[in-house]
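Only one structure is covered here, and it is reproduced in the block below.
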Amino acid sequence: MSSVKHRSGQDDATGGIAAMNRRQMLKLMSAGALVALPACTPRRKIVPYVDMPERLVPGEPQVYASALPLQGYARGVLVTAMDGRPIKISGNPRHPASLGATDLFGEAEILSLYDPDRARAPRGPSPIDTWDSFLAEWLPRLDGLAKRRGEGLALLSGRLTSPTALRQLEELRRKLPKLRWYAYEPAPEDGDPAVLGPSASALPRLEDADVVITLDADPLGPGPAQLIHARGFARRRVPGAGAPLRLYAAESAWSLTGAKADHRLAAHPRLLRRVARALAARLGAGTAQGDALPPEAARFVDAAVADIERAPGRALVLGGPALPAATRALCHRINRQLGAPVDHRQLAAAGDAPAGFGELLDDLRQRKVSDLVILEANPAYDAAPTAEFAGLLKGVPFSACLALAASETSSLCRWHLPASHPLEEWSDLRAVDGTASIVQPLIGPLYDTRNVHRLLAMLSGEDDGDSRALVRATWSASHGGADFEGWWRQALYLGVVPGTSPAEAGAESAAPPPDGADDVPGGLVAVIRPDPTVFDGRMANNAWLQECPKPISKEVWSNSVGLSPETARRHGLDDGDVVLLETVYGKIEGHVSVDKGAADEVAALTLGYGRQRAGAVGTGLGYNAYGLVAGPGESVVAVARLAKTGRHEKPIILQDSFSPESKQDSILPLMHLTERGKLREEPRKVDINRPSLLPPKDSTDPYQWGMVIDAAACIGCNACVVACQSENNVPVVGPEEAAAGRFMHWLRIDRYELDDNGKTRQGFEPVPCMQCEHAPCEPVCPVEASVHDSEGLNVQVYNRCVGTRFCQANCPYKVRRFNWFGYASGQEYANLGEDPMPARENPDVTVRARGVMEKCTYCVQRISRARRDAEKSDRPIADGEVVTACQSACPTRAITFGNLKDPNAAVSRLRRDPRHFAMLAELGTRPRTTYLAALVNPSPMLDEEEEP
Amino acid sequence: MSRSLHDATRNSFPERAERLTRVESEAAVDVLVTAPLLDRRSWRRWWIGVAVATLLTLVFVGAIAMILGKGIGVLGNNTSIVWGYPIANYVWWIGIGNAGTLISSLLLLTHQRWRAAINRFAEAMTLMAVAIAGLFPILHMGRPEYFYWLAPYPNVMHLWPQWRSALVWDFWAILSYLLFSIVFWYTGLIPDLATLRDRTLGRAGQLFYGALSLGWRNSARHWYAYEKYYKAMAALAVPLVCSVHSIVGLDFAAGMMPGWQEPIFPPYFVVGAMFSGFAMVVVLAALVRWGLKLEALVTMNHFDAMAKLMVMGATIMGLSYAAEWFSGWYSGRHADHSLLAFEFVGHYAPMYWAMLFCNVMACQIFWFRWARRNMAVLIVVAILVNIGMWLERILIVWNTLAHAYLPSMWSLFAPTIWDWAVTLGSLGFFALMYLIFVRVFPAISMHEVKQLVHEEVAA
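Just so you know, the protein sequences line up as chains A and B, in that order. Mapping the first sequence onto this note's numbering, position 861 (from 1) lands on 1216, and the numbers just tick up by one. Mapping the second sequence onto this note's numbering, position 278 (from 1) lands on 345, and the numbers just tick up by one.
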């Protein structure tokens, strides 16, 4: 038990936890769960339940509300812990930036928590270092700094929204008034700190808009507001719910918003700027006259303007980071002019704004910094000019970097201080709309780590023992009084602190900055976006994210240089050619991917790759585009040279063919919305129950499970893919195996280039197991490992499977996955089999052995849990009681699951929808997973034209 | 089918060809056949052959060790194309294994006397090919250690195999065919083993062959029983030959994938198997004849007859392909049309065209008598047919799985070094077993040839 005590954080001596094996770790953690809850309660009442079990039962999951940061902003989550181990993250319905959904980054945090590459103890100048030796060096320096009133001390962080961290910083500043705080976010953002001010936020409400025009903005793409926007978008695309939203997207490279747009214009950033100016001029918000546009863009603008004029107060024009600041300001002006549904808020009190990264560079160059503390940022990787920064960093006498794992920056610092994972320590965070959440830990720190709050306390020379006390100190100041405990418990229970979203501030009407003509470079430009699966690179060592296919290209394990077919042809390049791309700031080498959606003269690049020191999984993949731009957050840069290297690199792509050929109607039909939100086409009459010689499988069982997926709502964001991976212990195969065409995702998202009367539209179609009633996989299995259960599930008996693979060979949907190697049982990729990784596995789901076929089970373990719960109270399982992992993650609520025997269940209602169809229904497999057709809402002005 | 074979071959031996063998006495047959086994003569060619075959066998063993040790992931299969070389090799070897029994039984029942000179080594080929074929389904399994779960053995879980699965039928088909082939081959050997027992001089040889010949005394009573038994076995063999490859065909045809779900498959697989088996017999006959100096017993007349069977086989294969294309087109299903287009112009089209050339076109040269009697042409064409038939099997697997219903899951197969190692290695293992066979057992059925010689000399 002594080790347990030590682990729960009362003792600061470094532990031997690094040397523990899995068995010891599990023992310790289950012991920890038992001890921490009852035994520690007298001292700390920390864990109010969301789902209150009658009593603590080993093997029963506990669910806690917490929050996770993305670009510094919170997304509320509910974390499931099993016997003290967090194993699954899902969305918190009460949280405004989650609405019950998660994104793939949130889902993947579980893997990051158990990442074997995490730093386990401080690393300093001597061979063995501890937090004490760090303090022994820091405290004398602090005395010196105090004498200089903090002069020379610099703190560098990402965006900090944590009220506790800001309070601590404020206090530290009071103590050391001359300390300087710098902050930056590496990736370009849709939110507009550059235009609106650092802490102002302008959050569009898509659900209140009839027309949305995005100019490089990507509200549906990854980011801290994705879940909000995706839900708003989906709400307005349901037939019969009034006038549907119409989405126009002009962009230089594919985004999810562009993929879902009713009209998409592939445009060079320079043309984007002209489109913005034309829109402004037409809508009376521009100072300058719009210049003449190329015909395609002119038609796009005409149609958009016509729609905007029909929808006063219900139109949005969103500018993205590829537009120069002045043009983005122009977009805000258009919105003000239109009375657009945008919430303007001031997120933090003015005056505590940090300096930018550029100022830090200046200070470093002038040798004004003697002590640099980097709080969970990685500028040596992601803040251009990285090489210069690395050189300057070496010249700083004292540098310390708080980081989860060794990084490019931490290795250059005198001290690498290991950071706690957000699931390990107390904190608080604000969402994009300003709502605060308390971040509560699910587990004691696995290693000898500290979070930002404890480090800030250490830096100011105070006791750092208790992040909980630090967080409570922040909130007791504002919510103090007798009932603080009650308030605190309520805040933890809800996962949000009610009433913390600042009131709508109204748009400021600052004078627009001059809109110079030279703001956007002409010619070949690189347009840089956060990566759709690895984002800004902070989670590059997360194998789930690396193996998650990019929504459009379906590439995994690398990024690529996207070029339009025309541009590629002009440079004599083809898929897989490795090119050297050079700007005035830096150069990269990456393979070309010919991208039909890229604008001509644009190299579409993504961030997050090219890590040199990410860990066993993330190091050395792809190129690092951060070095190509002038500084953090920049998105567009002129390309000085694009040259063939002569090398060839086969990109790893998990989907080879994107055309449904002439089978669109049976694979993914496309339907049209009318102005009033009705369907233009006749309802589909697909007879799923085609005549069959096989006896009907109608069972007397009261439950017959089914799933309906709305292809119109699916935005292809991959949250479901990673959620399924997390819930079902789906292993990672690694890049070599993926290159051999193997992957294990039980749920994949097929992308199709759908034909819409000659126009091409993107269709996303999540494909889990169809759970066919007449399943072709079942009769071919020689050992009856693939069998049907009485509730209509097509189940796989893993320990009976001998691996003939006839089931997958005979599956028309190809949804079965084979363990060619022991991907989860002894032959894991890289270090994924090392301790403590096995602790993340869901104990309710078998870990499959080598040579065994596996597949989607409709999360049968969740059905089973619901059944047990229902039987305990002798009632039927209610509609909506069983929520599959994919369904719970989906930000647009595209997935509905339930009992088909219940005619009033949501899933039964959807099966009567006029858009309802079954994939490959003509085969007579009678799938239980069915779909609603994809939808478009084209403008009549653009729809009638014929393609040339 | 048997009728046409009968006619074709009977007509091929008109009286003007007078003799099948060039041996004048029954004793000469004994000398010719047993000499290589009993006399001390140079086995240099044999040792070279054994060295090469052993090398390839080691490759085979290494590949198997790799597959069993590291997992079948070492092969080139992927998420869509879950089957690959082991399945193609299995079907190919089973096909090779068809001809021996066919020659022994079908030609026996149809009174094709020329079979006497070739049936023994063809049967041995069958036995070894089927044994190797039987390895591949096990090697292809994800968990080969549990292959016996396909058998209905009593167990505490009361679990039985799933009888609807073609793979279970397949399990029985291979097993019964293998057991039958062993029995048929061995009982056919008994009179000859007795001859060896009588002729061998060493004590060890006498004991060895004596034990194996099960007390055969060449009595009329023995012969009476033997002839009845052998005919009955031959009659059993014919349906078995057809069933084993029909069921292999059903492994595919019982599925619902485009390109597999075709009723033509069972007969088409049987013909394909005989076709490839005959091609292999031609190659082996040429080698055995050359290696054991049996030119007097295995004459060009034999090759002439086999070439005629091959040209018939090639023509039937061509018709089968045409039937396959027709039913693909006639189905009206998009998936089948798309697959047909993929076969002819898709990624594997060069292989497909090569297969059509090898299997249909190459044999057409045997319409000419000179080609049927030219050893070089015979061997080249027979090898082409064997390559073509292997291509056919791998393409049945690849084309369908690479280009099935959902375009999103279309994929291509990239073979690995282990795919090739296990494929070429199996040839080496076959060669090694075959070389041991010719060293230990009489490669020609002496008692049947003697009967033939007797009749011919008498006539």
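Ideal Cβ placement from N, Cα and C applies to all residues, glycine included.
Hey, does residue i have any beta-carbon neighbour from chain B nearer than 8 angstroms?
i, result
"D1011(A)", "yes"
"V567(A)", "no"
"K1169(A)", "yes"
"C1136(A)", "yes"
"E1016(A)", "yes"
"L521(A)", "no"
"D1105(A)", "yes"
"L1109(A)", "no"
"P1123(A)", "no"
"L1278(A)", "yes"
"A705(A)", "A caution first: A705(A) carries a pLDDT of 45, below 50, which makes its placement in the model too unreliable to give a value."
"L1102(A)", "no"
"C395(A)", "Confidence at C395(A) is low in this model, with a pLDDT of 41, below 50, so its placement is unreliable and the value that follows should be read with caution. Cβ-Cβ to chain B under 8 angstroms: no for C395(A)."
Quick check: is the beta carbon of residue i nearer than 8 angstroms to any beta carbon in chain A?
i, result
"P221(B)", "no"
"I161(B)", "no"
"A240(B)", "no"
"L104(B)", "no"
"W150(B)", "yes"
"Y415(B)", "no"
Below 8 angstroms on the Cβ atoms is my contact criterion, and I expect residue i with residue j to pass it. Report the Cβ-Cβ distance as a whole number of Å.
i, j, result
"R231(B)", "G1158(A)", "Contact flag wrong, Cβ pair sits at about 19 angstroms."
"I793(A)", "V672(A)", "Wrong, their Cβ atoms sit about 36 angstroms apart, outside the cutoff."
"M1125(A)", "T1280(A)", "7 angstroms"
"E1120(A)", "Y1107(A)", "7 angstroms"
Could you tell me which residues DSSP puts in a beta bridge with residue i?
i, result
"M1026(A)", "L1290(A)"
"P559(A)", "V697(A)"
"W770(A)", "A755(A)"
"N1254(A)", "W1060(A)"
"P1121(A)", "I1104(A)"
"K375(B)", "Looking at the DSSP assignment, K375(B) forms no beta bridge with any residue, so it has no partner."
"P424(A)", "A429(A)"
"H1143(A)", "N1149(A)"
"T1285(A)", "V1063(A)"
"A881(A)", "A958(A), V992(A)"
Can you list the residues of chain A that residue i reaches, using a CB-CB cut of under 9 angstroms?
i, result
"N144(B)", "A1095, G1096, R1097, R1160, F1173, W1175"
Using three-state DSSP, classify residue i as helix, strand or coil.
i, result
"F839(A)", "helix"
"M367(B)", "helix"
"E1133(A)", "helix"
"K942(A)", "strand"
"D1111(A)", "strand"
"A708(A)", "coil"
"Q795(A)", "coil"
"D571(A)", "strand"
Going along chain B, which residues have a C-beta under 9 angstroms from residue i?
i, result
"D819(A)", "Per Cβ cutoff of 9 angstroms: no residues; D819(A) is ~48 angstroms from chain B at best."
"Q1182(A)", "K137, G138, G140"
"V1207(A)", "G209, R210"
"I1022(A)", "Y472, L473, P474, S475"
"L1049(A)", "Under the 9 angstroms cutoff, chain B gives no residues; its nearest Cβ is about 11 angstroms from L1049(A)."
"L671(A)", "Those within 9 angstroms of L671(A) in chain B number zero; the least Cβ separation is about 33 angstroms."
Whose Cβ in chain A lies nearer than 7 angstroms to the Cβ of residue i?
i, result
"W216(B)", "V1138, V1157"
"L468(B)", "A1164"
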